[in-house]
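Asker: Just so you know, we're using this note's numbering here: the sequence shown kicks off at 302 and counts up by one.
The beta-carbon is built from N, C-alpha and C at its ideal position, and this holds for glycine as well.
From a predicted model like this one, the values you see are computed outputs, not experimental measurements.
Got a structure here, written out as structure tokens. Questions coming.
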Amino acid sequence: MARLKKSYGQHLLVSEGVLKNIAQSLSIEEGDRVVEIGGGTGNLTKVLLKYPLKELFVVELDPEMVEKLSQIEDERVRIIRGDASKLDFCSLGGELKAVGNLPYNVGSLIVENVIFHKDCIPVGVFMLQKEVALKLTGKGEPSWLGVFLQTFYESEYLFSVPPRFFVPPPKVDSGVIRIIRRENQPSLELKGYKAFLTKLFSMRRKMLKKKFPQELLEEAGIDPHLRVEQLSMEDILRLYNVYEVKR
Ligand code: SAH
């Protein structure tokens, strides 16, 4: 067994049942192209290969794990040594269903990178730290990344997974989410929208008027005394549109 490294967030999922549930949630169809993020020793990879997918890209950062993954004998597998928080998913050619038991230390960064490549990722199923999984599905604390994700994807919390299903067991519970790209998307410039959201969610307890000019808030029809968690998605998009024009 490979030596597991904390720095890479390596917690292998060893429950056959949970692995199957994750793969099942991706609804793989004949001929699909799939990308697995953080292949590790290939526990999930092997389950995914039971489906009639056409191509399976496996992204992995740790060279030792890449070595292990290279031993899988299946013509459909393409191993990519790289950082999934930076990888250009669209360079893999065409649409991909994404899946992974994400390394928790960079799970949010990977989800962010997926959103930046939404044009080639219609669907994703990810295991994350439960707290992050809840935030991303609008159930936990409001966060900029949760709003960023939900602007472009419908996101659903599927199920929780306790530490005992992993080797070594993490200190926290995990949660699996599914994201499905929305049909009607606002056309926004992603970098600018991200910068706006991080500003909006900075100093969360402060009133909006501390972060944006009062006139701007009023023009968007938003009470300047509110706090960010009191805004709906529609409010946020309306404010962004006014902010964009005024910038
Ligand atoms: N899929 C396996 C392993 C999950 S652990 C299983 O379920 O058992 C997470 C994996 O992500 C580890 O193998 C780790 O080396 C890898 N990893 C860590 N950071 C990464 C990154 N930035 N990009 C891609 N893979 C990464």
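(1) Specify whether the segment 506-516 and the segment 470-483 touch according to this definition: at least 3 beta carbon pairs, one from each stretch, less than 8 Å apart.
(2) May I ask you to check if the CB of N485 is nearer than 6 Å to at least one heavy atom of the ligand SAH?
(3) By DSSP's criteria, R334 is part of a beta bridge. Which residues make up the other side?
(4) Quick check: what's the CA-CA separation for Y544 versus P423?
(5) Within this structure, are the beta carbons of E376 and P353 separated by less than 7 Å?
(6) From G383 to S488, what does the alpha carbon distance come to, in whole angstroms?
(7) Between which two residues does the alpha helix (DSSP H) harbouring S326 extend?
(8) With respect to 6 Å, is the separation between the Cβ of E361 and the closest non-hydrogen atom of the ligand SAH below this value?
(9) With a threshold of 16 other CB atoms inside 10 Å of the CB of D524, please say whether the residue is buried or exposed.
(10) Tell me where the beta strand (DSSP E) around S456 begins and ends.
(11) So Q515 is in the beta strand (DSSP E); what residue range does that whole segment cover?
Answerer: Put simply:
(1) no
(2) no
(3) E356
(4) 29 Å
(5) no
(6) 29 Å
(7) 317-326
(8) yes
(9) exposed
(10) 454-462
(11) Unbroken run through Q515 is the alpha helix (DSSP H), 515-520; no beta strand (DSSP E).
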